[in-house]
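Chains as they are written, first to last, in my numbering: chain A, 1 to 374; chain B, 1 to 368; chain C, 1 to 608.
A short write-up of the structure that comes next.
Pasting the structure below:
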């Protein structure tokens with residue numbers, strides 16, 4: 001018994017003797033001006049498996065190509081945004097790709113992740129996308145089934161609040177994925193409320209009567225959500241709306257899902273595509289867009305490799321896994337959108353973008369939103 | 001030869017007292033029975049001596065060695081007490097053959113293979129179960145299982161053998177047979193036997209001394225016949241003997257060692273074998289059924305309530321003017337129910353003090 | 001002088017008593033488990049309690065306007081008493097009512113269905129008994145979401161839910177089921193009820209099988225009609241088993257997550273476990289309060305259960321000699337009942353497997369024609385270029401899948417070894433010291449993990465492990481799995497030990513056989529199949545567990561179920577279905593292999 005205890009103690013001590021972490025934040029700060037070659041040299045001097053985690057599934061493909069390029073052992077996982085933070089608390093991850101800028105700002109403040117802009121691409125990334133570094137933008141668009149006589153080819157988002165649209169809109173629950181919630185919160189901002197007010201006038205031909213709602217954004221949310229049904233995932237929504245039996249349905253989901261083999265993409269039309277082709281605009285927005293950020297993790301074992309990987313995915317070669325299909329737009333303005341897709345500049349004009357600061361200051365809108373999810 | 005001494009042994013389970021201040025001196029080579037109704041503490045006592053249960057108080061020594069002493073903190077493990085234990089349900093290991101069951105304990109004593117085989121065969125021979133060597137317990141009858149259990153217990157040659165109601169699972173005929181075998185075994189093995197039973201007949205027939213217990217207390221510790229003839233109290237008198245003793249309530253009038261006792265309408269004279277001292281007037285007279293004589297010469301008359309003839313003897317229940325009496329008549333006689341017979345007390349009876357329930361004196365009884 | 005003498009005596013008396021106490025292995029085992037279980041169950045509970053008063057990072061800190069780590073009543077105020085925007089009603093009270101409705105209904109369904117089948121199998125001359133009893137535990141062996149997923153894909157149609165596509169029932173048979181049948185309260189309760197019906201079947205069946213036939217025969221002789229015997233004699237006797245089933249099913253249903261997500265969310269039907277999961281990400285404090293409420297309900301039912309079974313103890317001991325029981329002749333009803341039962345069992349146990357196989361083959365959803373089928377999702381290569389979806393190879397060629405399978409199996413085996421062995425030891429200790437306070441404590445503590453919702457259990461352990469540097473990865477998973485499945489193992493351990501008379505061990509003890517040898521050579525071989533069942537159940541449960549592990553699986557090593565979840569969240573339905581089928585097949589294989597080789601079975605594991 002005593003021997004056993006002694007052994008156990010020894011084992012515990014051995015296991016707890018984890019090497020002290022160098023301060024990753026300092027390392028990253030000091031590396032701000034390193035050139036590509038210097039970065040490679042320092043990265044290859046690091047040891048251990050390189051671990052990356054991201055909300056996008058294609059991180060795996062990029063990581064594998066990266067591993068092959070530099071001969072590094074790599075491990076990649078695809079996780080949901082909030083799971084990543086849980087993971088960061090409990091295990092060592094080197095680099096993350098994550099969405100929901102509001103939560104990310106908190107995480108940066110708490111020192112959980114560290115922002116890094118590679119010197120080699122800095123010039124091609126617009127100022128506002130550098131902190132936090134936006135690796136790419138994803139857009140969720142109003143996309144409708146183009147079959148049947150009652151195609152919801154909307155010109156104005158207020159059409160979606162009409163009782164005739166009841167149970168014809170499919171969205172992912174805002175409580176299931178934070179970017180959806182962020183989109184709704186953004187609508188209550190001064191900018192978008194004003195635009196919604198104007199759009200209302202364009203639609204109804206009269207001024208909006210807000211009643212008890214504080215803003216037009218609130219009113220739109222309150223009338224839009226009851227018409228919605230909530231799908232399990234964006235892929236699932238895309239599949240469901242693309243069915244021949246789903247004529248008359250419209251969804252708000254990720255454009256890139258149109259690439260999936262299980263989606264009958266011929267049956268689907270993004271409202272913005274139709275608008276651009278026929279020269280009208282969907283008032284005042286045709287969906288929303290959010291960045292996926294690339295960050296160095298504060299508990300990284302290989303901070304230089306993490307920085308090198310961030311640099312890699314900011315290049316055309318590293319962006320290829322995403323860039324090969326529509327619906328993904330690099331934060332590096334030198335990388336063009338996929339052929340057949342609309343350029344990022346069009347989307348910036350027509351989609352609701354998230355403003356992390358505004359969301360953090362107005363998160364209580366979530367309670368308001370929740371009422372309409374019941 | 002081993003002698004077992006229990007001094008002031010008590011066992012409490014929480015507030016419940018299972019055994020209360022028990023003193024017992026088990027002589028070497030004796031065959032002792034712990035007798036009593038279920039829950040009287042007899043099995044607990046046995047298990048405490050064997051070391052399967054830890055007493056709360058007292059000391060126990062076996063063969064001069066103190067195996068338990070509450071004050072000195074001594075408590076020897078069961079296997080260090082050199083004892084054997086025969087369990088009520090035999091506790092044969094169902095996944096081992098007869099041979100393995102007997103040999104398992106010996107392997108443990110680090111005997112060599114040859115010695116084990118010799119000893120097992122010796123026992124198989126002795127208990128006449130040699131042909132079952134390779135069988136599993138489930139393939140044996142109750143009696144055969146019992147013999148295997150005995151062989152297993154005897155195998156290491158324990159100085160003391162404990163048995164916890166070993167015959168209670170057998171049918172009447174087998175039980176009879178095993179009783180004679182056990183008595184023979186006691187003699188052949190030369191060891192001390194301590195035997196637990198609730199069957200007074202077993203205690204009477206097997207043991208050299210009986211220890212009768214009730215409610216955790218020792219009632220009487222004596223050779224069986226003495227206990228039968230001179231029970232210490234009403235409980236012992238009632239427990240020993242089948243058919244059970246007659247208890248007749250009455251009042252006594254004392255004159256030295258003589259007393260005149262009124263039993264309902266019957267006046268009787270009791271002559272004790274020693275001076276009597278009573279706390280009150282109320283007494284209980286204990287009369288064994290065989291000491292009530294039915295004959296035409298009897299002094300009083302009674303009505304036959306019912307009879308139970310067995311051939312060898314007949315138990316007769318009598319209604320003697322409101323007092324119910326049980327009598328035994330030897331031989332193949334029978335009486336018609338509701339017929340009138342005459343009866344008398346033969347000499348022997350025991351007088352109990354009703355208030356304390358204790359034996360006051362033994363003596364002769366005569367109807368006046 | 002006198003005083004030192006008595007002092008000495010006192011000391012040696014205490015020493016002697018301690019020595020006697022510690023010389024019994026049962027006492028040491030109980031003490032060790034008391035300490036270990038206190039640390040492993042009460043400590044998490046305590047830290048859960050602490051979390052409910054603590055401000056966490058993110059929105060919580062902003063909303064409460066307090067620094068991270070500060071003390072706050074904010075969470076309680078939010079969960080129980082926020083009227084603004086109907087917050088408390090939406091997040092707590094309404095889901096609570098739904099949870100209670102679902103849990104009670106599923107318990108009743110499990111008891112009625114499982115109990116009825118148990119009665120038919122043990123007490124009547126029903127046909128196809130062998131098939132029925134073999135297949136009946138299937139739904140439990142399969143992951144619970146299996147049936148839910150199947151229910152949706154089978155019954156969905158364009159009139160209900162998302163109203164976009166038809167499932168097999170509508171597209172092949174042209175039958176359009178109403179919404180209440182496919183989504184929401186009814187199917188959730190039904191699916192959970194069917195999933196846990198094996199509990200009722202095993203527990204009630206065990207009593208019916210061992211019940212003394214004389215009890216019923218006595219009534220038959222008194223010319224009591226058959227139905228009256230069942231109502232007045234059989235039912236009261238199985239009542240404790242029914243209550244135990246109620247406890248087990250209620251607690252499990254309450255913390256079930258996947259089933260309500262699949263069948264509830266499409267019609268906005270939420271239960272506590274779904275709001276808890278959602279809150280766990282952003283408002284941890286509130287999530288932990290909901291966990292606490294769920295645990296309180298479990299404990300309340302446990303206490304009720306104990307009270308009722310204790311005062312009716314005489315019933316539970318009716319497991320004496322089972323004579324020849326006269327079986328009810330179902331006569332003309334036999335064939336119809338048997339066929340209906342077989343069809344139901346095929347529907348809940350076999351058809352889902354076929355559906356998953358089918359769904360893993362088709363390319364475009366909803367098109368079941370041969371031209372739309374491919375084996376690519378199983379054995380294809382270069383899929384990322386051809387299908388532009390999911391992994392580049394079919395699951396059987398994907399080294400990640402094999403690695404995950406290996407990791408899952410390794411984890412399942414480890415958990416089963418730890419939980420199973422602990423179960424035997426707990427069973428030994430509790431049975432030996434039956435009725436003592438220590439034994440009661442250990443026995444209750446070892447059941448407690450059952451009442452903790454899996455997801456929360458994982459979350460608490462994750463939080464705990466961040467303070468203990470060596471506790472992570474596989475070690476953490478194995479610890480969590482072992483503790484969570486200990487209730488099953490200890491139940492079967494206690495049952496097995498109680499069936500074994502103490503004399504069996506004492507007969508070896510008296511000849512000086514050491515404790516470990518008594519366990520290995522005497523006790524274990526005799527109750528081998530019961531003990532092995534105590535290993536089997538944790539293993540099977542572990543293989544198909546998701547919520548317990550989802551938070552603590554290390555990024556570098558996925559297990560099959562988390563892989564499945566990732567695939568289905570990404571919408572890679574075919575890969576997901578293929579992996580689901582793989583999990584079920586592996587679990588069934590493990591179950592049958594162990595069953596055939598050793599005679600251990602799930603039945604004995606639950607304590608039938």
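Just so it is clear, CB atoms sit at the ideal spot from N, CA and C, and this is done for glycine as well.
Below 7 angstroms, is the gap between the Cβ of residue 433 of chain C and the nearest heavy atom of the ligand MN? Absence of the ligand MN is noted for the structure shown, with no ligands found whatsoever.
CB of residue 146 of chain B within 8 angstroms of CB of residue 137 of chain B, strictly: no
Could you tell me which of C:240, C:361, C:331 sits nearest to residue 302 of chain C, measuring between CA atoms? C:240
Between the region 529-540 of chain C and the region 371-381 of chain C, are three or more C-beta pairs nearer than 8 angstroms? no
Residues of chain C with CB closer than 7 angstroms to the CB of residue 54 of chain B, please, in chain order. 20
How close, in whole Å, do the beta carbons of residue 549 of chain C and residue 559 of chain C come, if the pair is a contact with beta carbons under 8 angstroms? 6 angstroms
Taking only beta-carbon positions, decide if residue 6 of chain A is within less than 8 angstroms of chain C. At residue 6 of chain A the pLDDT is 48, less than 50, meaning the model places this residue with poor confidence; the figure from the coordinates comes in the next sentence. By this cut-off, residue 6 of chain A is not an interface position.
Cβ pair count under 8 angstroms reaching 3, the region 109-129 of chain A against the region 189-196 of chain A: no
Residue 316 of chain A burial status per 10 Å Cβ neighbour count (16 or more: buried): exposed
Uninterrupted alpha helix (DSSP H) stretches inside the region 257-288 of chain A (no shorter than 4 residues): 271-278
Quick one: Cα of residue 361 of chain B to Cα of residue 296 of chain B, how far? 30 angstroms
For a test of the three-state rule: what should DSSP assign to residue 228 of chain A, helix, strand or coil? strand
Near-chain A residues of the region 53-66 of chain C (beta-carbon distance less than 9 angstroms), N- to C-terminal order: 57, 58, 59, 61, 62, 63
Hey, does residue 501 of chain C have any beta-carbon neighbour from chain B nearer than 8 angstroms? yes
Nearest candidate by alpha-carbon position, reference residue 66 of chain A, set A:341, A:312, A:294: A:312
Cβ-based burial, residue 577 of chain C [other Cβ within 10 Å; buried from 16]: buried
CB contact flag (residue 486 of chain C, residue 410 of chain C, <8 angstroms): no
Residues sharing a beta bridge with residue 69 of chain B, DSSP: B:59, B:74
Short CB-CB distance (under 8 angstroms) between residue 551 of chain C and chain A: yes
Can you have a look at residue 227 of chain B and say buried or exposed, based on whether 16 or more other CB atoms are within 10 angstroms of its CB? buried
As assigned by DSSP and simplified to three states, the class of residue 33 of chain B: strand
Mind listing which residues of the region 129-162 of chain C have their C-beta closer than 9 angstroms to chain A's C-betas, in chain order? 157, 158, 161, 162
Applying the 10 Å Cβ sphere with the 16-neighbour rule, what's the burial state of residue 311 of chain C? Any answer about residue 311 of chain C is weak, because its pLDDT of 47 lies below 50 and its placement is not dependable; what the coordinates show is given next. The residue is exposed, with fewer than 16 neighbouring Cβ atoms inside 10 Å.
Taking the straight line between their C-alpha atoms, what separation do you get for residue 524 of chain C and residue 540 of chain C? 21 angstroms
Give me the subset of the region 86-120 of chain A whose CB atoms are less than 7 angstroms from a CB atom of chain E, sorted by chain position. This model lacks chain E altogether; the protein chains it does include are A, B and C.
Can you confirm whether residue 375 of chain A, when its beta carbon is compared against all beta carbons of chain C, has any partner nearer than 8 angstroms? Since the first and last residues shown for chain A are 1 and 374, residue 375 of chain A lies out of range.
Determine the DSSP secondary structure at residue 415 of chain C, reduced to helix, strand or coil. helix
Any chain B beta carbon closer than 8 angstroms to residue 15 of chain C: yes
Collapsed DSSP secondary structure at residue 223 of chain A in the structure displayed: helix
Could you name each continuous beta strand (DSSP E) segment of 3 residues or more that falls completely within the region 254-284 of chain B, going from the start of the chain to the end? 258-263, 266-272
Residues of chain B with CB closer than 7 angstroms to the CB of residue 525 of chain C, please, in chain order. 95
I'd like the list of long-range same chain contacts for residue 291 of chain B, defined as Cβ closer than 6 angstroms, with 5 residues on each side in sequence excluded. 346, 348
Is the region 226-238 of chain A touching the region 97-106 of chain A in the sense that three or more CB pairs, one from each, lie closer than 8 angstroms? no
For residue 164 of chain B versus residue 219 of chain B, is the C-beta spacing smaller than 8 angstroms? no
Would you report the Cα separation of residue 273 of chain B and residue 258 of chain B, rounded to the nearest angstrom? 9 angstroms
Which chain C residues are close to residue 231 of chain A, counting only those with a beta carbon under 7 angstroms from its beta carbon? 162
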